[in-house]
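Numbering (the UniProt record's numbering), first residue to last: 1 to 91.
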């Protein structure tokens, strides 16, 4: 039976199912001369290159959005009192 390839591209999207090592993981996430997106060390698709400053901007924006989403949702429901009766209209 023929061996299936462990890495390559499918419809332009890279995949890699070789067993990951620590060296390969670190070298995949830190490539100083490459673009913001690099191939994943294990799995399908792309990941952020942490040696690129634009990746840190993306992570900061995502962190701020997560912080605002979690902080804003608790203030919204504090003013509601759950002991009040609720009116239900049925047609």
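In this text, a Cβ means the ideal position worked out from N, Cα and C, and glycines have one as well.
Might you give, ordered along the chain, the residues of its own chain that have their beta carbon closer than 6 Å to the beta carbon of residue i, omitting 5 neighbours on each side?
i	result
residue 15	44
residue 25	41
Exposed or buried, which one is residue i when buried takes at least 16 other CB atoms within 10 Å?
i	result
residue 38	buried
In the DSSP output, which residue or residues are listed as bridge partners for residue i?
i	result
residue 14	9
residue 38	47
Check each candidate in the options and name the one with the smallest Cα separation from residue i.
i	options	result
residue 33	49, 24 and 23	49
residue 12	5, 46, 6 and 19	46
Quick one: what's got a C-beta closer than 7 Å to residue i's C-beta in the same chain, skipping five residues either side?
i	result
residue 51	30, 31 and 32
Checking 8 Å against the spacing of the C-beta atoms, do residue i and residue j come in under that value?
i	j	result
residue 36	residue 55	yes
Might you give, ordered along the chain, the residues of its own chain that have their beta carbon closer than 8 Å to the beta carbon of residue i, omitting 5 neighbours on each side?
i	result
residue 6	16, 17 and 18
residue 3	none
Is there at least one non-hydrogen atom of the ligand NAD closer than 7 Å to the beta-carbon of residue i?
i	result
residue 66	For the structure depicted, the ligand NAD is absent and the ligand set is empty, with no information on it obtainable.
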